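Chains as they are written, first to last, in our numbering: chain A, 1 to 596; chain B, 1001 to 1342; chain C, 2001 to 2111; chain D, 3001 to 3360.
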């Protein structure tokens, strides 16, 4: 007996799922630019595929990133993913022993316990195997159920899982979630009742079946339970493409695209679409989102992506974000959340034509300098910073050319952050030419905002450095002498420097070289809130973001040292502790060194 | 002080404040006012800036603090008088004489006569008002044009009879700025959909809570502020007022039709104050207000030790300042009389 | 139509009776804070773009109040969106945000 | 409008106007703009009111037009003005009545200057004497010819053949009074009624049965502006200013405009034609313009003078609708007939503006 009508809901659901998902993947692939498609073609049979598979196993099954964040959360997600995956794999293998066929109908392994129980005759040489499978399959089921139990607990005790806020579900998500939560208990009951009637279960199902048989008419109940189990599976599969559970498949797609298509794929429409489906709505980003924490959870990535999936780009959500990268740093799926938000902004603001070309007249130079220095427009509002940098250059004997001495034009990053890419391009082009015309081999900037766009979008043939990195180098090379004179302080890493980058590491290293040996540097991972990334939003929320940031940054009322003129100005406004740029501190210490 | 007699001319906030202090120091006090009511201009106000407190409450507080022993002569005018060393002689309109040991001039101010700024058509165009008339409308709880319609647009014009050399007024009247803002907010509450404008040369929000009120007016109450003085007004056929100004911040001339134009008239020395000053030989400043001994120190003192000045007879003051100066002038007079007798 | 050898001068006067102030109302709902502007001009003084042409963010905000949308749109294109203006505004107006919105006015056709 | 308020203002701006024995100084440009106006003034003064007015053939332009166009400087114009006064003095007269508002403004301004700067007066006397051996007295009374008509408006009303009343409906005709800028804007106290609410022409309209329209742009200049008109490229300024006034008065449906300055009636009349030709816009009913009259022409009409003798054919905007309303009969066939009975020639017919008695 290898068929029963109850398998139909499952089979139909699965078929529907496969068709829909196949169509989506096809659509995404077709939508890729030809250049990316060629890259993919080259990389399919290569180590890239192995790396992709490894990442899928690591993140998709084991959920390493979540484990790192919170073991309970990691266990919960892993128990579902890995447990279910192993149930499917082992179930398939198990089923082959009974059918003696290499290919079985897809439902066969799923409902194996209905079709096969103890009375089933196996060839003698295989007679020891069912016992192993019965035990293992029951164990895996128990493993998944333990995860399910944690998921229930998480609904009310999210703090145990390291989360303050949790996500809210839409209708499709709710039904799919209900179906998912029913699948495994129903499987347990169906298998237990079947075992109770016919034997053949493992330690869990047999025991439970036997126990329940004493007071339940299992012979009448087991068949409807198989129906219910199949039905739950069918519903889940049908809803999967429209619910957050699409992430299971989309995440794999994203990982493959990333490994196969290289960095260029990351800014394609297909990748955006795939990655917005890859969000598992785990809600990890919620606690990182300062806008959400300040009382506007709608702006958080998880809410933003929910809107995107629904085909909407609400202005206040797309534009309310600080673009601080804190969410991206923790996203277990590794979704390029900043790029995604950027893309949304381009949809909103990017299509307005650029009418005016920037006007710009760089200062004339006498000789080719070592360094072309772009202070950045915000630095002009921080004369202490400007002066420190100039004096440090002088002390180190650096020949520099100050490109934006007269105020100059904008680097283009702020325009980019608004989604006005074309406008940014116009600015970039003018600045780029001026930088190249200087003839210098190194571009130094005080502003991480400028730094970000110089690195990512200027395509410069010369080295670009944030001043913290540059002064670290000058100190290492002995061109600058700095005494270790700084007392304990709070180091504030600017968002646009990217907290996960080597630049941030260099800034931390530099800071560690400035303090007296016993003194402590506490690091702040907060965005100052003055970010140019936040284009709109209520004033009160903006002020709250900065108030919170300043509070969390100026820990123990110790001074704050940062590397961004905008952070400096913003934090100064919201805290009473002294806020300075790291360059100003280096200058003070180098001056002290000179006196000594 | 052993029954010495002090006359206070003027029963506005400054006079009331002074008369609440002096009886407690042992003086016999007589308070005279031309009008039949206590409180001066305060009695015509509805709500006060910046906190929108009810004017009647303040007036009650001020009058309650005046002891019953103060003899109050309302509806009476001082028609003549003289000051000699240690004594003040006053003649009243019914011919009676008052002798006093000390005199407090709390004679207050008059509002600038808006008709003198002909170009705005006050008294000619139906729908040009002054802030005093608007305050009266608030007291009645009814804002309407002369044609009994609900106004859809209202413009306030600041500095009418202030900072205007052509009107013979060089000084700033101090309170009109915040009054315009306060009244605009009150209007907004009564007329949620009306367009409300403030045409100003400067907004001098010097007092506590004034600037905040201005900011609220901009943000919460959607009052439109235009930096530019209205140069002329004309009446249109439906009785609305057409005004012209420069929007100085865009450097463009501007024209606008409003249902009501409200002129924020400044303060000028009260006519009665000038007459009495002439009779008593008190000195006037270039601005025609009574001239005190000093503008920073001794702002209450005159050339006579037993005659002191209180409130807006010395120049534009806020209510707060008038009340404070009433009390301070009383104390200054007390000190002076004390020195004279000891 | 006859020509007499000269052109009638176009009046520069802002006719507030005819100006479209509905957008001002919409802005008041959508964007907070901009009404707080008192025309101090610190935005224009610090503006990266203003030094290199006729762009004047302070004036643009004032033109908005007067409903001069065409002029607003023409002017706003010169803004480079750098956001320096935000830092110097004493009334905490997000001028950059306004300019971004005004840039879009180019594409909005008005009657 | 609160009439009491206006009367209150007018009380403050009363001026002294001489009763008799005037020295009349003509305008340099009015002869060709509205040729009969000044003659009408003399006729009314002498024949209707029995006053002595000396119309001196020796006097010249005051050069105000050149002064305002930056061609003639102040000492020169003062000397010219002094010569006019010398001619008056020679006649034993002391009441100076200029026909032109700009002249009136110039005379007022110079008299005021001499009062405050006596050394300038002495210098002018010196210049005049050196140039012409003439000497002069400062006039006792300076009044514009419209002031004089204003003074006798009631006497004129008493002799009126026609009133400013629609003779069919009996309703008062609605008139716009336009005052020349130099009448009172410089020295409000030198004008009847002041600068904000001038009464000089309004008083005439009221006295003769009409109703005065107060329209928003009543203060606005007609647009002459001297330099604006004199330079052809600048005429667009002049036109725009006049149009601003028309747009503003149009809703009040005025029956006529009356003026007291040489330039204003000219521009308010001719620009209506130009606007109709360039924009197709007319400001009266059914393609008519708004008739524009000098105060002398209006006085003449009220006194029953023949419209063509008053020179109304020199107007570009047809005055016939006004004549019809007032009940004045006229012979259209004589409109363009000259003194000798020959045809004067007829102007081209405008495209939009409605006219009468034109050839084609």
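Positions of the beta carbon are idealized from the N, C-alpha and C atoms, including for glycine. Nothing here was measured: the structure is a model prediction, and the numbers come from that model.
Here the alpha carbons of residue 1192 of chain B and residue 3273 of chain D stand approximately 47 Å from one another. When the five nearest sequence neighbours on each side are left out, the beta carbons in the same chain lying within less than 7 Å of the beta carbon of residue 3018 of chain D are those of 3095, 3141, 3143, in order along the chain. Three or more beta-carbon pairs drawn from the region 159-169 of chain A and the region 276-290 of chain A are found closer than 8 Å, and the two stretches are therefore classed as touching.
With a threshold of 7 Å between beta carbons, residue 1316 of chain B makes no contact with chain C. The way I'd put it, the region 2070-2089 of chain C doesn't touch the region 327-340 of chain A; fewer than three beta-carbon pairs between them come closer than 8 Å. Secondary structure of residue 24 of chain A (DSSP, three-state): helix. The C-beta of residue 3190 of chain D has 16 or more other C-beta atoms within 10 Å across all chains shown, which makes the residue buried. Beta-bridge analysis with DSSP links residue 3177 of chain D to D/3258. Remark: C-beta atoms of residue 1112 of chain B and residue 1266 of chain B approach each other more closely than 7 Å.
Within the region 3249-3262 of chain D, 3251, 3252 place their CB atoms closer than 7 Å to a CB of chain B, listed in sequence order. Contact annotation: in the region 1233-1265 of chain B, residues whose CB is within less than 9 Å of a CB in chain C are 1242, 1244, 1247, 1248, 1249, 1250, 1251, 1252, 1253, 1254, 1255, 1256, 1257. Counting along the chain, no alpha helix (DSSP H) covers residue 1087 of chain B; the unbroken beta strand (DSSP E) around it starts and ends at 1087-1092. With 16 or more neighbouring CB atoms inside 10 Å of its own CB, residue 1224 of chain B falls in the buried class.
Among the bridge pairs identified by DSSP, residue 1104 of chain B is matched with B/1008, B/1308. A straight line joining the alpha-carbon of residue 3158 of chain D with that of residue 3207 of chain D spans about 10 Å.
Residues of the region 1211-1227 of chain B with a C-beta less than 7 Å from any C-beta of chain C: 1215, 1218, 1219, 1222, 1224, 1227, listed in chain order. Per DSSP, the unbroken alpha helix (DSSP H) holding residue 552 of chain A starts and ends at 539-553. Not flagged as an interface residue toward chain C: residue 3329 of chain D, since no C-beta distance is shorter than 7 Å. For a Cβ distance threshold of 8 Å, nothing in chain B lies close to residue 2099 of chain C: the least Cβ distance comes to about 16 Å. Between residue 544 of chain A and chain C, the shortest Cβ-Cβ separation is not below 7 Å. With respect to residue 468 of chain A, residue 436 of chain A sits apart: the two C-beta atoms are not nearer than 7 Å. Taking the Cα positions, residue 3309 of chain D is about 18 Å away from residue 3265 of chain D.
If the five residues before and after residue 87 of chain A are omitted, its C-beta is found closer than 8 Å to the C-beta atoms of 137, 140, 141, 144, all from its own chain and listed in chain order.
For residue 500 of chain A, the closest of A/563, A/577, A/525 by C-alpha to C-alpha distance is A/525. Residue 2037 of chain C carries a coil assignment under DSSP once its states are collapsed to helix, strand and coil. Here residue 1067 of chain B is exposed. Its C-beta has fewer than 16 other C-beta atoms within 10 Å. The alpha carbon of residue 3055 of chain D has as its nearest neighbour, out of D/3214, D/3307, D/3022, the alpha carbon of D/3022.
Under DSSP, residue 1258 of chain B takes part in a beta bridge, and its partners are B/1241. DSSP places residue 1081 of chain B in the uninterrupted beta strand (DSSP E) bounded by 1078-1084. For chain D, the residues of the region 2011-2022 of chain C that bring a beta carbon within less than 7 Å of one of its beta carbons are 2011, in chain order. Around the CB of residue 2044 of chain C, 16 or more other CB atoms lie within 10 Å, so the residue is classed as buried.
Runs of the alpha helix (DSSP H) lying entirely within the region 567-596 of chain A, each at least 4 residues long, are 582-595 in chain order.
Listed along chain D is no residue with a C-beta nearer than 9 Å to that of residue 2068 of chain C; the closest approach is about 19 Å.
Residues 519 of the same chain have their beta carbon placed closer than 6 Å to that of residue 487 of chain A, with the five preceding and five following residues left out of the count. Shown here for residue 224 of chain A: not one same chain residue has a beta carbon closer than 8 Å to its own, the five before and five after excluded. Listed in chain order, the non-local C-beta contacts of residue 247 of chain A below 8 Å within the same chain comprise 277, 278, 279, 280, 281, 333, local neighbours out to five positions each way being set aside.
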